[in-house]
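> So the sequence shown is numbered by our numbering: it starts at 262 and just counts up by one.
By construction, the Cβ of each residue, glycine as well, lies at the ideal position given by its N, Cα and C atoms.
Quick one: the structure is below, questions incoming.
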Amino acid sequence: MTEPTRERRSGVDWVLTAVGMLIFAYMAYATLFGPYKTTIVHLALFACAMLCIAFLDRTRSDQQVMRSVQWGLDVTFAAATIVTMGYVIVNFERLINLWGSSYLTGTDVAIGVAIIVISLEAARRHSTILFALGVFGVVYMLYGSYFPGVMQHAGMDLKRIIYLTAYTTEGFFGTGLSVAASYLFMFMMLGSALQATRTGDFIMKVANATTGRQVGGAAKSAMVASAGLGTMVGSSVGNVVTTGTFTIPLMIRTGFRPHVAAAVETNTSEGAQLVPPILGAAAFIMAQLTGIPYATIAVAAILPAVLYYLSLYCVVHFEARKAGLAGIPEDEIPSLRQSFADGWHLLVAPAVLFYLLIVESYTPSYASLIAIGIAMVCGLARSVSRMPFRAILDQFDSGARQAAAITALIVSIGLLQAAIVTTGLGPRIADIILSVSDGSLLMTAILAVVAATLLGMGMPTPIAYLLLAMFTAPALTAAGAPLLGAHLFLFYFAIKSGSTPPVALVAVVAAGIARANWWSTAVTAFVHSLPGFIVAFMFLFSPALLLQGDAMTVALSACSAAIGVFAMAAAVQGWCAGRINWIERALLAAAAISLINPGYLTDIAGVAVVALIYLRRARLDGIQSAPATGAKHQNT
Numbered sequence: 262m263t264e265p266t267r268e269r270r271s272g273v274d275w276v277l278t279a280v281g282m283l284i285f286a287y288m289a290y291a292t293l294f295g296p297y298k299t300t301i302v303h304l305a306l307f308a309c310a311m312l313c314i315a316f317l318d319r320t321r322s323d324q325q326v327m328r329s330v331q332w333g334l335d336v337t338f339a340a341a342t343i344v345t346m347g348y349v350i351v352n353f354e355r356l357i358n359l360w361g362s363s364y365l366t367g368t369d370v371a372i373g374v375a376i377i378v379i380s381l382e383a384a385r386r387h388s389t390i391l392f393a394l395g396v397f398g399v400v401y402m403l404y405g406s407y408f409p410g411v412m413q414h415a416g417m418d419l420k421r422i423i424y425l426t427a428y429t430t431e432g433f434f435g436t437g438l439s440v441a442a443s444y445l446f447m448f449m450m451l452g453s454a455l456q457a458t459r460t461g462d463f464i465m466k467v468a469n470a471t472t473g474r475q476v477g478g479a480a481k482s483a484m485v486a487s488a489g490l491g492t493m494v495g496s497s498v499g500n501v502v503t504t505g506t507f508t509i510p511l512m513i514r515t516g517f518r519p520h521v522a523a524a525v526e527t528n529t530s531e532g533a534q535l536v537p538p539i540l541g542a543a544a545f546i547m548a549q550l551t552g553i554p555y556a557t558i559a560v561a562a563i564l565p566a567v568l569y570y571l572s573l574y575c576v577v578h579f580e581a582r583k584a585g586l587a588g589i590p591e592d593e594i595p596s597l598r599q600s601f602a603d604g605w606h607l608l609v610a611p612a613v614l615f616y617l618l619i620v621e622s623y624t625p626s627y628a629s630l631i632a633i634g635i636a637m638v639c640g641l642a643r644s645v646s647r648m649p650f651r652a653i654l655d656q657f658d659s660g661a662r663q664a665a666a667i668t669a670l671i672v673s674i675g676l677l678q679a680a681i682v683t684t685g686l687g688p689r690i691a692d693i694i695l696s697v698s699d700g701s702l703l704m705t706a707i708l709a710v711v712a713a714t715l716l717g718m719g720m721p722t723p724i725a726y727l728l729l730a731m732f733t734a735p736a737l738t739a740a741g742a743p744l745l746g747a748h749l750f751l752f753y754f755a756i757k758s759g760s761t762p763p764v765a766l767v768a769v770v771a772a773g774i775a776r777a778n779w780w781s782t783a784v785t786a787f788v789h790s791l792p793g794f795i796v797a798f799m800f801l802f803s804p805a806l807l808l809q810g811d812a813m814t815v816a817l818s819a820c821s822a823a824i825g826v827f828a829m830a831a832a833v834q835g836w837c838a839g840r841i842n843w844i845e846r847a848l849l850a851a852a853a854i855s856l857i858n859p860g861y862l863t864d865i866a867g868v869a870v871v872a873l874i875y876l877r878r879a880r881l882d883g884i885q886s887a888p889a890t891g892a893k894h895q896n897t
C-alpha cells in the first residue's frame with residue numbers, strides 16, 4: 262500500500278482525503294448502528310463518495326489542453342454522480358415502491374440513463390474488459406431478440422432496462438455494490454490500519470529470522486512475509502508493493518536471478534489470498550453467493566493454503582539447490598526474540614479479527630472495524646510502532662482511494678448482473694459450456710480456467726471471482742463438482758489470473774521492482790504455479806482436501822496431494838535429490854496428475870513412481886560424491 266506523494270497534495274487532494282475520512286466515519290456508524298434509513302440509501306451514499314473520489318483521483322496530462330479537458334470531464338462525472346445519487350436518496354421511498362417500469366417519470370428515466378452512463382465511464386477508466394462487458398449487458402438486454410440460437414431472448418424496452426439496472430437490486434444497487442460496501446471497504450481500511458502500525462515491518466523481521474538461514478532463505482522469507490501480511494492486505498498488487506520492495510532486492514542480492522525473484526514474490530503475494538482467516542476478502546463474497554457459512558469456507562481453505570505454499574516452498578528450494586544458493590547473510594538476520602519483543606502487540610488485532618469472524622461469527626465489517634480500533638490502540642501504545650499523524654492519515658487516505666478504484670470497477674457488474682438475471686442468460690451460458698465439454702467435469706474445469714484467464718486480466722481478485730461465479734460456477738456444479746469445491750477452484754484461478762500472460766498485472770509490478778523483463782517474470786511465475794494447479798483441480802475431485810469427510814480420508818488425501826505437489830515441483834524444476842533428465846521429469850509430472858484422481862490404485866502408482874525416481878537419484882548422487890570424498894581424505 263503506497264503513500265500519496267507530496268506533489269499530489271493539492272487542494273483537490275485534501276478534499277478527496279476529507280471525503281474518504283467522512284465516508285469511513287459513516288461506514289463505521291452504519292456498521293455499529295445499521296444503514297441510514299434503508300439499504301438503497303446506504304448504498305447510494307457509499308457509491309456517491311467512492312465514485313467522486315474515483316473520478317477526481319487520477320494523474321493529469323502534462324499538456325495544458327489535455328489537463329483542462331480531463332479536469333472538465335472529471336468534474337462533470339463527479340457532479341453527475343452527486344446529482345444522481347442525491348436524487349435516489351431524496352426519492353428512495355417512491356423508487357423502492359415502484360411496481361414496474363411503467364410508473365417511471367420522465368425525470369426517473371433521465372436519472373436512470375445517467376446512472377448507466379456513470380457506471381460505464383467508471384469501468385472504462387479502470388478496465389476495458391469490464392467496460393466492454395457492461396456495454397454488452399446493455400446491448401444484450403435491448404437487442405437480445407435479434408441474437409442467434411440460445412443467446413436469443415424476448416427483448417425488452419428501454420424503460421424496463423432503466424428500471425431494472427438503475428433502481429433495483431438486480432442492477433446498479435445489486436451484488437457488486439453491496440459487496441463493495443459490506444466487505445471490501447472496511448477490509449481495505451483494516452489493511453491501512455495495519456500498515457499505519459508497522460505490522461508489515463514486524464512480519465518481515467519475523468520471516469527473515471525464521472527462514473533466512475535456510476537454502477534460498479531470502480525467497481522463503483518472502484513466502485512467510487507475503488502469507489502473513491497478504492491475507493490482511495487483500496490485494497496481490499498491494500502485497501507485491503508492500504513486501505516486494507524489501508524481499509525482491511534481498512533475493513537478488515543473495516543470488517536469485519531478477520526475473521525469478523520477481524516471479525517468487527508474485528506467486529507468494531497471490532497465494533496470500535488463500536490464507537485464512539481473510540482469504541483476500543473473496544471468502545465473504547463466496548459466503549454471500551453460495552449461502553455457505555463464512556467459518557466453513559475459512560476452515561475448508563486451511564489445507565489448500567498449506568498445500569499451495571508447500572508447492573512454492575518445493576519450487577524455491579529446488580531452484581536454490583540447482584543454483585547453489587545459500588541463505589541471507591548472518592549479519593542481516595534479525596533476532597527472533599527481539600523481533601517478537603518489539604512487535605508482539607501487533608498480533609493482537611489479527612487475533613481478535615480471527616476470533617470475531619470464526620468463533621463469534623460476527624459480520625466481516627463489524628469484525629474489521631473492531632480490529633481497526635484495536636490495531637490503532639496497540640500501534641500507538643508503543644514507540645516502536647508509533648507513526649506520525651500525517652503518515653497515519655496518508656495510509657487511511659490510500660486505503661480509501663484503493664477502495665474507490667475497486668468500487669468504480671465493480672459498479673458496472675450491476676449492468677452485467679441485470680443482463681444475466683433478467684434475460685435468463687445465466688442458465689444458457691451453463692448449457693453452452695456443458696455442451697462444449699460434453700458434461701465432462703475435467704473439460705468444464707479447463708474451460709473455466711480459460712474463462713478465468715480472460716475475465717481476470719487486470720482485475721482485482723474479488724471482481725474476477727465474482728465474474729467467474731456468475732458465468733462458470735453453475736456449469737461446474739452441473740458437471741458434478743461440489744458447490745464449495747467449485748467456488749474455491751474458481752477463486753484460485755481468479756487469483757492466478759493476475760500473473761498469467763498476456764496481461765499479468767501482478768507480475769508486471771513485481772518485474773518493475775526487480776528491473777526484470779515482465780514477460781520472463783510472468784512465464785516463470787506461471788511455470789512455478791503448475792504444482793499449485795494440482796491442488797486446485799483436487800478441489801473438484803477430492804472434497805476431503807476441503808476437510809469434508811472422516812479423519813482418515815482427509816489424512817490420506819492430504820498425503821497424496823502433498824506428494825503430488827512435490828512431484829510436480831520436481832518435474833518443473835528438473836530436480837529430485839539431484840538433477841533429473843526429461844524422461845524422469847515426464848514421469849514425475851504423470852505421477853502428479855495421477856494423484857489428482859482419488860483412488861487407491863492411482864495413488865499407489867503415483868507414489869511408487871516418485872519414490873523410485875527419488876531413491877534412484879539419491880543413490881546416483883551418493884555414488885558420484887563418494888570418490889570425491891575419498892580423494893579428499895587421501896589428500897589430507
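1) Nearest-angstrom Cα distance between Ser-322 and Ser-572?
2) If I measure Cβ to Cβ from Ala-291 and keep anything under 7 angstroms in the same chain, skipping five residues before and after, which residues do I get?
3) Just to check my reading of the structure: Ser-629 and Phe-448 have Cβ atoms closer than 8 angstroms, yes? What is that Cβ distance to the nearest angstrom?
4) Suppose contacts are defined by Cβ-Cβ distances below 8 angstroms. Is Ala-713 in contact with Ser-673 by that definition?
5) Quick one: residues in its chain with C-beta nearer than 6 angstroms to the C-beta of Arg-880, no 5 flanking neighbours on either side, listed in chain order?
6) Using only the alpha-carbon positions, how far apart do Gln-663 and Ala-581 sit?
7) According to the neighbour-count rule (16 or more other Cβ atoms, all chains shown, within 10 Å of its Cβ), is Met-450 buried or exposed?
8) Could you say if the region 516 to 536 and the region 500 to 508 meet the contact criterion of at least three C-beta pairs nearer than 8 angstroms?
9) What residue range does the alpha helix (DSSP H) around Gly-416 cover?
10) For Pro-590 and Ser-380, I'd like the C-alpha separation in whole angstroms.
11) Who pairs with Arg-319 in a beta bridge, going by DSSP?
12) CB-CB under 6 angstroms to Phe-432, same chain, minus the five flanking residues each way: which ones, in chain order?
13) What residues match up with Arg-840 in a beta bridge as DSSP calls it?
14) Please confirm if the region 306 to 316 is in contact with the region 369 to 388, defined as three or more CB-CB distances below 8 angstroms between the two stretches.
15) Measure the C-alpha to C-alpha separation of Val-411 and Met-402 and round it to an integer number of angstroms.
16) Can you tell me whether Lys-420 is helix, strand or coil according to DSSP?
17) I'd like the list of long-range same chain contacts for Ser-781, defined as Cβ closer than 6 angstroms, with 5 residues on each side in sequence excluded.
18) Taking the C-alpha atoms as reference points, what is the distance between Arg-355 and Leu-806?
19) If you compare alpha carbons, which of Leu-708, Val-576, Ala-544 is closest to Ile-563?
20) Where do the ends of the alpha helix (DSSP H) carrying Tyr-627 lie?
21) Classify Ile-824: buried if its beta carbon has 16 or more other beta carbons within 10 angstroms, exposed otherwise.
22) Rounded to whole angstroms, what's the CA-CA distance from Ser-453 to Ala-772? Just pull it up for me.
23) Cα separation between Gly-835 and His-387?
24) Between the region 413 to 424 and the region 590 to 606, are three or more C-beta pairs nearer than 8 angstroms?
25) Under 8 angstroms: do the region 472 to 481 and the region 649 to 659 share three or more Cβ pairs, one atom per stretch?
26) Could you have a look at Ile-694 and say whether DSSP puts it in helix, strand or coil?
27) Are Leu-702 and Ala-734 close, meaning C-beta to C-beta below 8 angstroms?
28) If distances are taken between C-alpha atoms only, which option among Ala-610, Arg-643, Ala-642 comes closest to Ile-631?
29) Rounded to whole angstroms, how far is the Cβ of Gly-717 from the Cβ of Ala-755, which I believe are closer than 8 angstroms?
30) For Gln-809, does the three-state DSSP call read helix, strand or coil?
31) Locate the alpha helix (DSSP H) running through Asp-467, then write down its first and last residues.
32) I'd like to know whether the C-beta atoms of Leu-568 and Val-378 end up nearer to each other than 8 angstroms.
33) Which residue from Leu-608, Ile-350, Ala-441, Ala-375 puts its Cα closest to that of Ala-339?
34) Excluding the five sequence neighbours on either side, which residues of its own chain have a C-beta within less than 7 angstroms of the C-beta of Val-868, listed in chain order?
35) Considering Trp-779, what are the terminal residues of the alpha helix (DSSP H) in which it resides?
Working from what's here:
1) In the sequence shown, counting from the first residue as 1, residue 322 sits at position 61. In the sequence shown, counting from the first residue as 1, residue 572 sits at position 311. In this predicted model, Ser-322 has a pLDDT of only 49, less than 50, meaning its place in the structure is not dependable; the value taken from the coordinates is given anyway. Straight-line Cα distance between these residues: approximately 44 angstroms.
2) One-based indexing of the sequence shown puts residue 291 at position 30. Only Tyr-297, His-303 meet the Cβ criterion.
3) The residue given as residue 629 occupies position 368 in the sequence shown. The residue given as residue 448 occupies position 187 in the sequence shown. With a Cβ gap of about 6 angstroms, Ser-629 and Phe-448 count as contacting.
4) Taking the first residue of the sequence shown as 1, we reach residue 713 at position 452. Taking the first residue of the sequence shown as 1, we reach residue 673 at position 412. No. Outside cutoff.
5) One-based indexing of the sequence shown puts residue 880 at position 619. Result list for Arg-880: empty, nothing under 6 angstroms.
6) The residue given as residue 663 occupies position 402 in the sequence shown. The residue given as residue 581 occupies position 320 in the sequence shown. Rounded to the nearest angstrom, the two C-alpha atoms are 36 angstroms apart.
7) Here residue 450 refers to the residue found at position 189 of the sequence shown. Classification for Met-450: buried.
8) yes
9) Indexing the sequence shown from 1 puts residue 416 at position 155. Segment: none, Gly-416 is in no alpha helix (DSSP H) and carries neither H nor E.
10) As a working note, residue 590 is residue 329 in the sequence shown. As a working note, residue 380 is residue 119 in the sequence shown. Answer to the nearest angstrom: the Cα atoms are 52 angstroms apart.
11) As a first step, residue 319 is located in the sequence shown; it is residue number 58 there, counting from the start. Per DSSP, none; premise fails for Arg-319.
12) Locating residue 432 in the sequence shown gives position 171, counting from the first residue. Residue identity differs from the one stated: residue 432 is Gly in this sequence, not Phe. Answer for Gly-432: Leu-425, Thr-426, Gly-675, Ala-679, listed in chain order.
13) Residue mapping note: residue 840 aligns to position 579 of the sequence shown, counting from 1. According to DSSP, Arg-840 bridges with Trp-836.
14) yes
15) Within the sequence shown, residue 411 is the residue found at index 150, counting from 1. Within the sequence shown, residue 402 is the residue found at index 141, counting from 1. Cα to Cα, the separation comes out at about 14 angstroms.
16) Sequence index remark: in the sequence shown, residue 420 carries index 159 (1-based). In this structure, Lys-420 counts as helix in the three-state DSSP scheme.
17) Stepping through the sequence shown from its first residue, residue 781 is reached at position 520. Around Ser-781: His-520.
18) Along the sequence shown, read from residue 1 onward, the residue named residue 355 stands at position 94. Along the sequence shown, read from residue 1 onward, the residue named residue 806 stands at position 545. Cα to Cα, the separation comes out at about 50 angstroms.
19) Working through the sequence shown from its first residue, we reach residue 563 at position 302. Cα-wise, what sits closest to Ile-563 is Ala-544.
20) By one-based count along the sequence shown, residue 627 stands at place 366. Where Tyr-627 is concerned, the enclosing alpha helix (DSSP H) stretches over 625 to 642.
21) Against the sequence shown, residue 824 aligns to sequence position 563. The residue in question, Ile-824, is buried, as its Cβ has 16 or more Cβ neighbours within 10 Å.
22) The count along the sequence shown starts at 1 and reaches residue 453 at position 192. The count along the sequence shown starts at 1 and reaches residue 772 at position 511. About 24 angstroms.
23) Here residue 835 is taken as the residue at index 574 of the sequence shown, counted from 1. Here residue 387 is taken as the residue at index 126 of the sequence shown, counted from 1. In a straight line, the C-alpha of Gly-835 is about 40 angstroms away from that of His-387.
24) no
25) no
26) Residue mapping note: residue 694 aligns to position 433 of the sequence shown, counting from 1. If DSSP states are grouped into helix, strand and coil, Ile-694 belongs with the helices.
27) Position 441 of the sequence shown, counting from 1, holds the residue named residue 702. Position 473 of the sequence shown, counting from 1, holds the residue named residue 734. No, the pair does not count as a contact, with Cβ atoms beyond the cut-off.
28) As a working mapping, residue 631 is identified with position 370 in the sequence shown. Per the Cα distances, Ala-610.
29) Residue mapping note: residue 717 aligns to position 456 of the sequence shown, counting from 1. Residue mapping note: residue 755 aligns to position 494 of the sequence shown, counting from 1. 5 angstroms between Cβ atoms; contact.
30) For the purposes of this step, residue 809 is identified with residue 548 of the sequence shown, where counting begins at 1. Coil.
31) Counting from 1 along the sequence shown, the entry for residue 467 is found at position 206. According to the sequence as given, residue 467 is Val; it is not Asp. Where Val-467 is concerned, the enclosing alpha helix (DSSP H) stretches over 460 to 472.
32) Along the sequence shown, read from residue 1 onward, the residue named residue 568 stands at position 307. Along the sequence shown, read from residue 1 onward, the residue named residue 378 stands at position 117. No, the pair does not count as a contact, with Cβ atoms beyond the cut-off.
33) Start at 1 with the first residue of the sequence shown, and residue 339 comes out as number 78. Among Leu-608, Ile-350, Ala-441, Ala-375, the Cα nearest to that of Ala-339 belongs to Ala-375.
34) In the sequence shown, residue 868 corresponds to position 607, counting from 1. Cβ within range, chain order: Ile-824.
35) Mapped onto the sequence shown, residue 779 falls at position 518. 779 to 802 is the span of the alpha helix (DSSP H), which, as asked, contains Trp-779.
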